[in-house]
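Peer 1: Let me give you the structure first, and then I'll get to my questions.
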Amino acid sequence: MQKRAKLQDEGPAAGGGGAPAPPKPAGAPPAQPAATAARPAAPKAGGATPEEISFVANSVKAILGEVSKAIIGKHEVMTKVAIGILANGHILFEDFPGL
(Lines of atoms letter the chains of each structure in order from A; the text may use other names.)
(Lines give C-alpha, C1' and ligand atoms only; values in the text may rest on other atoms or scores of the structure.)
Protein backbone atom coordinates (compact mmCIF):
# COMPACT_ATOMS: atom_id res chain seq x y z
CA MET A 1 0.00 0.00 0.00
CA GLN A 2 2.74 2.44 0.86
CA LYS A 3 4.38 2.03 -2.54
CA ARG A 4 1.19 3.00 -4.40
CA ALA A 5 0.74 6.15 -2.32
CA LYS A 6 4.34 7.16 -2.91
CA LEU A 7 3.98 6.90 -6.71
CA GLN A 8 0.87 9.06 -6.66
CA ASP A 9 2.67 11.79 -4.72
CA GLU A 10 5.43 12.06 -7.32
CA GLY A 11 3.03 13.40 -9.99
CA PRO A 12 4.02 14.81 -13.42
CA ALA A 13 7.12 16.61 -12.11
CA ALA A 14 8.76 13.24 -11.56
CA GLY A 15 7.92 12.04 -15.07
CA GLY A 16 4.71 10.32 -14.09
CA GLY A 17 2.68 11.73 -16.98
CA GLY A 18 -0.13 13.52 -15.20
CA ALA A 19 -3.18 15.18 -16.66
CA PRO A 20 -3.03 17.02 -19.99
CA ALA A 21 -2.75 20.81 -19.97
CA PRO A 22 -6.07 22.64 -19.69
CA PRO A 23 -7.50 24.01 -22.96
CA LYS A 24 -6.99 27.68 -23.84
CA PRO A 25 -9.92 30.06 -23.38
CA ALA A 26 -12.11 30.50 -26.45
CA GLY A 27 -11.26 34.19 -26.87
CA ALA A 28 -7.49 33.79 -26.45
CA PRO A 29 -5.39 34.77 -29.48
CA PRO A 30 -3.28 31.98 -30.99
CA ALA A 31 0.32 31.88 -29.82
CA GLN A 32 2.82 33.18 -32.37
CA PRO A 33 5.90 31.09 -33.09
CA ALA A 34 9.22 32.47 -31.87
CA ALA A 35 10.59 32.57 -35.43
CA THR A 36 8.35 35.49 -36.41
CA ALA A 37 9.98 37.69 -33.81
CA ALA A 38 13.37 37.19 -35.47
CA ARG A 39 12.27 38.35 -38.92
CA PRO A 40 13.89 41.51 -40.23
CA ALA A 41 11.90 44.71 -40.38
CA ALA A 42 9.91 45.48 -43.52
CA PRO A 43 11.82 47.39 -46.21
CA LYS A 44 11.59 51.16 -46.23
CA ALA A 45 8.98 52.71 -48.49
CA GLY A 46 11.61 54.65 -50.47
CA GLY A 47 13.92 51.67 -51.00
CA ALA A 48 17.64 51.46 -50.32
CA THR A 49 20.02 54.38 -50.57
CA PRO A 50 22.89 54.28 -53.10
CA GLU A 51 25.32 53.88 -50.19
CA GLU A 52 23.43 50.84 -48.90
CA ILE A 53 23.34 49.29 -52.37
CA SER A 54 27.06 49.89 -52.82
CA PHE A 55 27.83 48.38 -49.40
CA VAL A 56 25.81 45.23 -50.10
CA ALA A 57 27.28 44.86 -53.61
CA ASN A 58 30.84 45.14 -52.28
CA SER A 59 30.08 42.71 -49.46
CA VAL A 60 28.65 40.13 -51.87
CA LYS A 61 31.67 40.49 -54.17
CA ALA A 62 34.02 39.91 -51.24
CA ILE A 63 32.03 36.89 -50.05
CA LEU A 64 31.90 35.38 -53.55
CA GLY A 65 35.65 35.95 -53.89
CA GLU A 66 36.28 33.92 -50.75
CA VAL A 67 33.78 31.19 -51.68
CA SER A 68 35.33 30.86 -55.17
CA LYS A 69 38.58 29.78 -53.49
CA ALA A 70 36.81 26.63 -52.28
CA ILE A 71 34.25 26.12 -55.06
CA ILE A 72 35.97 26.39 -58.42
CA GLY A 73 34.13 26.96 -61.71
CA LYS A 74 30.68 27.67 -60.29
CA HIS A 75 30.66 31.48 -60.20
CA GLU A 76 27.22 31.79 -61.84
CA VAL A 77 25.71 29.27 -59.42
CA MET A 78 27.27 31.01 -56.41
CA THR A 79 25.95 34.37 -57.64
CA LYS A 80 22.45 32.90 -57.81
CA VAL A 81 22.90 31.46 -54.30
CA ALA A 82 23.88 34.91 -53.02
CA ILE A 83 20.79 36.41 -54.64
CA GLY A 84 18.60 33.72 -53.08
CA ILE A 85 20.08 34.35 -49.64
CA LEU A 86 19.66 38.13 -49.92
CA ALA A 87 16.04 37.68 -51.04
CA ASN A 88 15.25 35.32 -48.12
CA GLY A 89 14.44 32.67 -50.70
CA HIS A 90 15.00 28.95 -51.10
CA ILE A 91 17.72 27.37 -53.19
CA LEU A 92 17.69 23.91 -54.79
CA PHE A 93 21.06 22.61 -55.98
CA GLU A 94 20.95 20.24 -58.93
CA ASP A 95 24.40 19.13 -59.99
CA PHE A 96 26.68 16.14 -60.29
CA PRO A 97 27.92 14.80 -56.95
CA GLY A 98 31.38 15.94 -55.99
CA LEU A 99 31.66 18.71 -58.57
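Numbering of the sequence shown is given in my numbering, commencing with residue 1 and proceeding in unit increments. Note that CB positions come from ideal geometry on N, CA and C, so glycine has one too.
1. Which same chain residues end up closer than 8 angstroms to M78 when comparing Cβ atoms and leaving out the 5 residues on each side of it in sequence?
2. Starting from L86, trace the alpha helix (DSSP H) in both directions and tell me its first and last residue.
3. Beta-carbon separation of V60 and A82 under 9 angstroms?
4. I need the DSSP call for G47, collapsed to helix, strand or coil.
Peer 2: Taking the structure as given:
1. By 1-based counting over the sequence shown, the position of residue 78 is 78. Correct list, in chain order: L64, V67, S68, I71.
2. In the sequence shown, counting from the first residue as 1, residue 86 sits at position 86. Counting along the chain, the alpha helix (DSSP H) containing L86 begins and ends at 75-86.
3. The count along the sequence shown starts at 1 and reaches residue 60 at position 60. The count along the sequence shown starts at 1 and reaches residue 82 at position 82. The answer is yes: Cβ separation under 9 angstroms.
4. Against the sequence shown, residue 47 aligns to sequence position 47. Residue state, collapsed to three classes: coil.
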